[in-house]
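Asker: In the numbering used here, the protein residues as written are -8 to 353. Note that CB positions come from ideal geometry on N, CA and C, so glycine has one too. Remember, predicted model here, so these are calculated numbers, not experimental data. Below is a structure I'd like to ask you about.
Written out as structure tokens, the structure is:
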């Protein structure tokens, strides 16, 4: 019943994404509290906050540094590789080449669908316009709801820090599947650069794969040392913590693009805990389920201020620490008269889910 109200009020697909978010919130609740503690379903409490956020025009634009990102060379390549990221969901060379434009089917050197060993789908191409060898990683076919499940995974040690275990496993399997082809193409054309591209969870895999391929003693370490390996990651989930444990070349070679209020780049255990604590406050209001649904529909008002996040108490931070997006973060969001703002953002600025009607559509 609540799901139909959410889709009607905030757009189709909202309920499914929030349902998947609710499943992850349940995991957080069990981790923090040991059992179910809230009286009302997460969906209803989430819907109430969304309603008030929309009404108050809260979170009008994402949190950024307000400093324009103006590296034209990066932006030009990013625009090109965004077409690659979209084409990764296609399955044959001719269709992929036509979608990207400026490519022939023979420029696509390999296409591999996702398989059962947790290796995401990918394709490898030689781009005549950018003169790069491109490995492009497919994201989830189920959109934001599927991505949220993978974004909130356990952590696994990597390079003195911890990474999203699910995405790291996918990156390792992809390294096995595509690494030899990538190396052969690089050896055949030693002057070409390598670009690793991905969208959503595919973007998270791309950033971790860049680390695996280019770390000291690994096949592309020398190429990385000369600045000839770059990663273009679109809407990636947070993948690593603490960021200081990563070598400087990781951040210098990776560009992560986040559009609008997209929930996936802001979803990890830490940010979900901040949301859970806000939902707990909303749940404590002395309101019936009927009154809560009426508020979501817009049939009645509400005097209370509903928080959309709460800071995690110091004593809890170790158990529910956040992962962060790797690399230079570029936030894009719509402005007036159809203009798109392009601004730099710091990793901590993504460490909070922005409840907003566009969070599952951006």
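Which stretch, first to last residue, makes up the alpha helix (DSSP H) that contains residue 77?
Answerer: The continuous alpha helix (DSSP H) containing residue 77 extends over residues 63 to 78.
Asker: Could you check whether residue 135 and residue 259 sit closer than 8 Å to each other, using their CB atoms as the reference points?
Answerer: no
Asker: For residue 132 and residue 120, I'd like the C-alpha separation in whole angstroms.
Answerer: 28 Å
Asker: Please classify residue 118: does DSSP put it in a helix, a strand, or coil?
Answerer: strand
Asker: Find the nearest neighbour of residue 217 within the set 226, 122, 205, judged by alpha-carbon distance.
Answerer: 205
Asker: How many whole angstroms separate the CB atoms of residue 228 and residue 247, which I take to be in contact at a CB cut-off of 8 Å?
Answerer: That pair is no contact at about 10 Å.
Asker: Hey, out of 4, 77, 62, 36, whose CA is closest to residue 272's CA?
Answerer: 36
Asker: Give me, in chain order, the residues of the same chain whose beta-carbon lies closer than 6 Å to that of residue 144; leave out the 5 immediate sequence neighbours on both sides.
Answerer: Non-local C-beta neighbours of residue 144 in its own chain, meaning closer than 6 Å and more than five positions away in sequence, comprise 155, 156, 157, ordered along the chain.
Asker: Assess, as a yes-or-no matter, whether the segment 294 to 313 is touched by the segment 65 to 79 under the definition of 3 or more beta carbon pairs within less than 8 Å.
Answerer: Result no; under three Cβ-Cβ pairs closer than 8 Å.
Asker: Spell out the partners DSSP gives residue 245 in its beta bridges.
Answerer: 222
Asker: Would you give the residue range spanned by the beta strand (DSSP E) that residue 184 belongs to?
Answerer: Secondary structure note for residue 184: its beta strand (DSSP E) is the uninterrupted segment 184 to 190.
Asker: Is there contact between the segment 230 to 250 and the segment 310 to 328, where contact requires at least three CB pairs shorter than 8 Å?
Answerer: yes
Asker: Would you mind giving the Cβ-Cβ distance between residue 288 and residue 344, rounded to the nearest angstrom? I have them listed as a contact below 8 Å.
Answerer: Contact doesn't hold; Cβ gap of about 23 Å is too wide.
Asker: I'd like the list of long-range same chain contacts for residue 293, defined as Cβ closer than 6 Å, with 5 residues on each side in sequence excluded.
Answerer: 286
Asker: How is the alpha helix (DSSP H) around residue 261 delimited, first residue to last?
Answerer: 260 to 274
Asker: For the alpha helix (DSSP H) that residue 27 lies in, which residues bound it at each end?
Answerer: Membership of residue 27 in any alpha helix (DSSP H) is not indicated, and neither H nor E is assigned to it by DSSP.
Asker: Could you pull the start and end residues of the beta strand (DSSP E) that residue 334 belongs to?
Answerer: Residues 331 to 336.
Asker: Could you give the distance in angstroms between the alpha-carbon of residue 263 and the alpha-carbon of residue 215?
Answerer: When rounded, the distance between both Cα atoms is 35 Å.
Asker: Between which two residues does the beta strand (DSSP E) holding residue 147 run?
Answerer: Taken as a continuous stretch (DSSP letters only), the beta strand (DSSP E) holding residue 147 covers 146 to 149.
Asker: Bridge partners for residue 91 per DSSP, in chain order?
Answerer: Answer is none; residue 91 lacks a bridge partner.
Asker: Which term fits residue 275, buried or exposed, when burial requires 16 or more other beta carbons within 10 angstroms of its beta carbon?
Answerer: Note on residue 275: under 16 other CB atoms within 10 angstroms of its CB, so exposed under the neighbour-count rule.
Asker: Go ahead and label residue 178 buried or exposed: buried means 16 or more other beta carbons lie within 10 angstroms of its beta carbon, across all protein chains shown.
Answerer: exposed
Asker: Can you list, in chain order, the residues of its chain whose CB lies under 8 Å from that of residue 313, leaving out five sequence neighbours each side?
Answerer: 229, 232, 259, 260, 261, 262, 342
Asker: Helix or strand or just coil, what does DSSP make of residue 59?
Answerer: strand
Asker: Can you find a heavy atom of the ligand ADP that lies under 7 Å from the Cβ of residue 293?
Answerer: The model depicted lacks the ligand ADP and carries no ligand whatsoever.
Asker: Return the bridge partner residues of residue 127 from the DSSP annotation.
Answerer: Partner(s): 114, 188.
Asker: Would you report the Cα separation of residue 318 and residue 305, rounded to the nearest angstrom?
Answerer: 27 Å
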